[in-house]
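One structure is given below, encoded as structure tokens.
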Amino acid sequence: DGGITQSPKYLFRKEGQNVTLSCEQNLNHDAMYWYRQDPGQGLRLIYYSQIVNDFQKGDIAEGYSVSREKKESFPLTVTSAQKNPTAFYLCATTGRLDQPQHFGDGTRLSIL
Amino acid sequence: KNQVEQSPQSLIILEGKNCTLQCNYTVSPFSNLRWYKQDTGRGPVSLTIMTFSENTKSNGRYTATLDADTKQSSLHITASQLSDSASYICVVSVLTLSYIPTFGRGTSLIVHP
Numbered sequence: 001d002g003g004i005t006q007s008p009k010y011l012f013r014k015e016g017q018n019v020t021l022s023c024e025q026n027l028n029h030d031a032m033y034w035y036r037q038d039p040g041q042g043l044r045l046i047y048y049s050q051i052v053n054d055f056q057k058g059d060i061a062e063g064y065s066v067s068r069e070k071k072e073s074f075p076l077t078v079t080s081a082q083k084n085p086t087a088f089y090l091c092a093t094t095g096r097l098d099q100p101q102h103f104g105d106g107t108r109l110s111i112l
Numbered sequence: 001k002n003q004v005e006q007s008p009q010s011l012i013i014l015e016g017k018n019c020t021l022q023c024n025y026t027v028s029p030f031s032n033l034r035w036y037k038q039d040t041g042r043g044p045v046s047l048t049i050m051t052f053s054e055n056t057k058s059n060g061r062y063t064a065t066l067d068a069d070t071k072q073s074s075l076h077i078t079a080s081q082l083s084d085s086a087s088y089i090c091v092v093s094v095l096t097l098s099y100i101p102t103f104g105r106g107t108s109l110i111v112h113p
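These protein sequence lines map, in sequence, to chains V and A.
The first sequence finishes on residue 112 if you use the working numbering, and the numbering steps up by one all the way, no holes.
The second sequence finishes on residue 113 if you use the working numbering, and the numbering steps up by one all the way, no holes.
Below you can see the structure in the form of structure tokens.
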């Protein structure tokens, strides 16, 4: 069954720690995206990648890093430089531009 | 700046009633408009997608309308069910080679029995 798998579902970060959120897809989509969702706000774009080995910063990239070594995978690292990382993180993919984005079920990150 | 504004911010209705959610946008040049449903703790799921030439699109009890001249869209939910309780997000994209959509903040709908 095609889809997007995000893991873990819940994640806790200690002070000064980097954490990595996983996003894997088997939809064979070229474009992948990371969004951050805070209560009462719309989804904000962190990073996106339209092809393997290439990615672009979104609106709120500071304190985050990504890699795109494989078409299926687009992991997001929340670094210690991100001072307010508590949020719901969503990964999405797009195939054709006239088709809707597909979303994973998110990772909720909290501070210990 | 591209913006998508949704109203109301939240809405409470009784099961079986109809409701309409609004979306106004200033995105240009317009490519398409999408409505998503997001259940609590889950990722958004697409309900409808409309291009410039379409002014209505249905998906079961959900009917979306688009007025490209006034840059307004609405999502009408007929005969609401408890499972309709969710956040409904309006998303607009521009006409470019890449797909970078602009998201509204969503309308939180609660359906009471």
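All C-beta atoms in this analysis are idealised placements derived from N, C-alpha and C, irrespective of residue type, glycine included.
Would residue i be called buried (16 or more neighbouring beta carbons within 10 Å of its own) or exposed?
i        : result
Gly41/A  : exposed
Val91/A  : buried
Val45/A  : exposed
Arg34/A  : buried
Pro100/V : buried
At the 7 Å Cβ level, is residue i part of the contact set with chain V, yes or no?
i       : result
Ile49/A : yes
Gly43/A : yes
Ser28/A : no
For a contact defined as C-beta to C-beta under 7 Å, what are the partners of residue i on chain A?
i       : result
Gly40/V : Arg105
Leu43/V : Phe103
At least one CB of chain A closer than 7 Å to the CB of residue i: is that the case?
i        : result
Gln25/V  : no
Phe103/V : yes
Gln50/V  : yes
Gly106/V : yes
Leu21/V  : no
Leu90/V  : yes
Any idea which residues DSSP pairs residue i with across the strands?
i        : result
Asn32/A  : Thr51/A, Ser93/A
Val27/A  : Bridge partners of Val27/A: none, in fact.
Arg108/V : Tyr10/V, Phe88/V
Counting only Cβ pairs nearer than 7 Å, list the residues of chain V close to residue i.
i       : result
Tyr99/A : Ala31, Thr94, Leu97
Ser46/A : Pro100
Which chain V residues sit within Cβ distance under 8 Å of residue i?
i       : result
Asn32/A : Asp98
Quick one: list the residues of chain A neighbouring residue i, beta-carbon separation under 9 Å, in chain order.
i      : result
Gly3/V : Simply none; closest approach about 10 Å.
Can residue i be considered in contact with the ligand NAD, in the sense that its beta carbon sits closer than 6 Å to one or more heavy atoms?
i       : result
Leu33/A : The ligand NAD is not among the ligands present in this structure, which contains no ligands whatsoever.
### Secondary structure, alpha helix (DSSP H): runs of 4+ residues fully inside the segment 9-87 of chain V
The qualifying runs do not exist here; there are none.
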